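**Student:** Would you mind keeping the following structure in view while I ask a few things?
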Amino acid sequence: MAIPEKQRLYGQVLVDFANAASTDEAGLKYFENIQKAFDLPYSFIDKAKNNFPTLKDFYSPLTKQEIKYLEQISEIKTLENEIASTLCVDSLKYDAYSKTFHIDVYQEIELGDGTLAKDPSIERISRDVSIEELEEMIRRRVVEPIFQDHIEDTLSTSLPKLMRLKNRITEEKEISDEKYQELYLLQDTFADIREEHNYIEFTQENLKSFIKDILKTPAPINIEVIQDKLKSFIKDVLTPPVPINTELFSKASLEEAYFTDRSDLSFLFLFRVYNYPIAYCSKEFFNVKNNIEHLKKCELCKKFYIANKQIKEQRRCSICSKKTRATPEKNREYQRNFRQRLKDDEKKRTEKRESRIKEHRVAEFNSKTAKGY
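Just so you know, we're using my numbering here: the sequence shown kicks off at 1093 and counts up by one.
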């Protein structure tokens, strides 16, 4: 039985996303397949691809040295944010020249309901502290006993690592202070791009594991077993850590803006753009036993593919089958060589048979001569 076209398109969203060799490829191919699977206008592909930030495009104007420093700056900002979180301050920045830490804290205002909220419009409380003062501030933090290890990790690991990285950049002086500040500001954009690509990679690996698990299911296929695995996959991997009204999600809600509106690049944006559609396609594809029988893994390229027909003996995807399929000239050459091998083998057998007959006659003649005949 052939697989329905719409079901095949849902499956293609999944296998191409899992098969992608890079997160750039995964994202670009994903939007192509989404357009087909959800009947979006053709103009959607260009919009989505133009909005999708590829690492290749981001890195292309930068030199290898600048990329190296950008990654180091990214690590520095991560450590600064981690230490700021430990101190419960809004921002912290280490200055390697003065060996001091600049700390900013927003003042709080009382809201109508009596709660306090930080107001960025009010002048911040800022101060510079030495390494000794910062260490003392961290030690004085009153925390639950279960968080005490985090305090110790900040003092023994995060803080020394931050200073070591920043001091190294300052001492090497391979880039100017102006270029460093330029890269420092660029890091926020880099952080958003990297977060999306890390998210794609995480989702991709989980989807790949899920498909492998499905393919390992012993034959004959028990659809109830598959559905249990599907429910577990969607619940454990595709469910966000914060509540979302999943009732709002349906095929009808998947319009262009659903994927192209990047005004809010939060975690929920990534979840909405990737997890919801993948969950929807998974439900539509894996809830049908016939679809699963079309799902295969190529023995050559090791990629997943959806076979057009249910052929148990089929082991290769269409691309690998074409690569290994002989041309008419190769077939004719094979036939010629095959016929020649048959002739050569027959000639060898004939020669061997004649040789044995000759040996037998010589032996018989020698035997008769010895008996005096």
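Quick reminder that beta carbons are idealized off the backbone N, C-alpha and C, glycines included. This structure is a prediction, so every number in the text was calculated from the model and none was measured.
1. Looking at C-beta atoms only, is the number of pairs between the segment 1166-1173 and the segment 1373-1392 that lie closer than 8 Å three or more?
2. For Glu1266, I'd like the list of residues in its chain whose CB is within less than 7 Å of its CB, leaving aside the five on either flank, ordered along the chain.
3. Would Gly1103 and Ile1292 qualify as a contact pair, given that the criterion is a beta-carbon distance under 7 Å?
4. Express the C-alpha separation of Lys1253 and Glu1264 in angstroms, rounding to a whole number.
5. How is the beta strand (DSSP E) around Ile1195 delimited, first residue to last?
6. Going straight from the alpha carbon of Ile1230 to that of Cys1412, what length do you get?
7. Throw me the rounded Cβ distance for the Leu1257 and Glu1227 pair, which I believe falls under 8 Å.
8. Express the C-alpha separation of Gln1406 and Tyr1350 in angstroms, rounding to a whole number.
9. Measure the CB-CB distance between Lys1141 and Leu1120 and report whether it falls below 7 Å.
10. Suppose you measure from the CA of Val1107 to the CA of Leu1154; what does that come to, to the nearest Å?
11. By how many angstroms is the C-alpha of Ala1283 removed from the C-alpha of Ser1166?
12. Thinking just about the alpha-carbon of each residue, which of Glu1287, Arg1354, Phe1396 is nearest to the one in Ala1112?
13. Exposed or buried, what is Lys1388 when buried is set at 16 or more other beta-carbons lying within 10 Å of its beta-carbon?
14. Assuming Leu1275 and Tyr1161 are in contact, meaning their beta carbons sit under 8 Å apart, how far apart are those beta carbons, in whole angstroms?
15. For Asp1356, which option in Asp1320, Glu1288, Pro1420, Gln1402 has the closest C-alpha, if you only look at C-alpha atoms?
16. Comparing alpha-carbon positions, which option in Leu1251, Asn1125, Asp1436 lies nearest Lys1185?
17. Alpha carbon to alpha carbon, how far is Gln1427 from Glu1443? Give it in angstroms, no decimals.
18. With distance defined between alpha-carbon atoms, name the residue in Tyr1189, Asp1187, Val1197 nearest to Cys1180.
19. Start and end of the beta strand (DSSP E) containing Leu1387?
20. With DSSP as the reference, label Val1221 as helix, strand or coil.
21. Just to check my reading of the structure: Arg1219 and Ile1243 have Cβ atoms closer than 8 Å, yes? What is that Cβ distance to the nearest angstrom?
22. In angstroms, rounded to a whole number, what distance separates the CA positions of Arg1445 and Ser1459?
23. In chain order, which beta strand (DSSP E) runs of at least 3 residues are fully inside the segment 1252-1323?
24. Compute the Euclidean distance between the alpha carbons of Ile1315 and Phe1136, then round it to the nearest angstrom.
25. For Thr1295 versus Tyr1368, is the C-beta distance shorter than 7 Å?
26. Are there 16 or more other CB atoms within 10 angstroms of the CB of Tyr1134, so buried, or fewer, so exposed?
27. Identify every residue that forms a DSSP beta bridge with Asp1149.
28. Give the range of the beta strand (DSSP E) segment to which Asp1182 is assigned.
29. At what residues does the beta strand (DSSP E) containing Ile1126 begin and finish?
30. List the whole-angstrom C-beta distance separating Ala1129 from Cys1373, where the pair is believed to meet the contact cut-off of C-beta under 8 Å.
31. Between the Cα of Ile1126 and those of Thr1115, Lys1148, Leu1101, spot the shortest distance and give me the residue it belongs to.
**Tutor:** Let me spell this out:
1. no
2. Gln1157
3. no
4. 16 Å
5. 1192-1197
6. 59 Å
7. Going by Cβ atoms, the distance from Leu1257 to Glu1227 rounds to 18 Å, so no, they are not a contact pair.
8. 38 Å
9. yes
10. 33 Å
11. 7 Å
12. Phe1396
13. buried
14. 6 Å
15. Glu1288
16. Leu1251
17. 24 Å
18. Val1197
19. 1387-1389
20. strand
21. So it is not a contact: roughly 21 Å between Cβ atoms.
22. 21 Å
23. none
24. 35 Å
25. no
26. exposed
27. The partner list for Asp1149 (beta bridge, DSSP) is empty, contrary to what the question assumes.
28. No beta strand (DSSP E) holds Asp1182; DSSP gives it neither H nor E.
29. Not the beta strand (DSSP E): Ile1126 falls in the alpha helix (DSSP H), residues 1115-1129.
30. 7 Å
31. Leu1101
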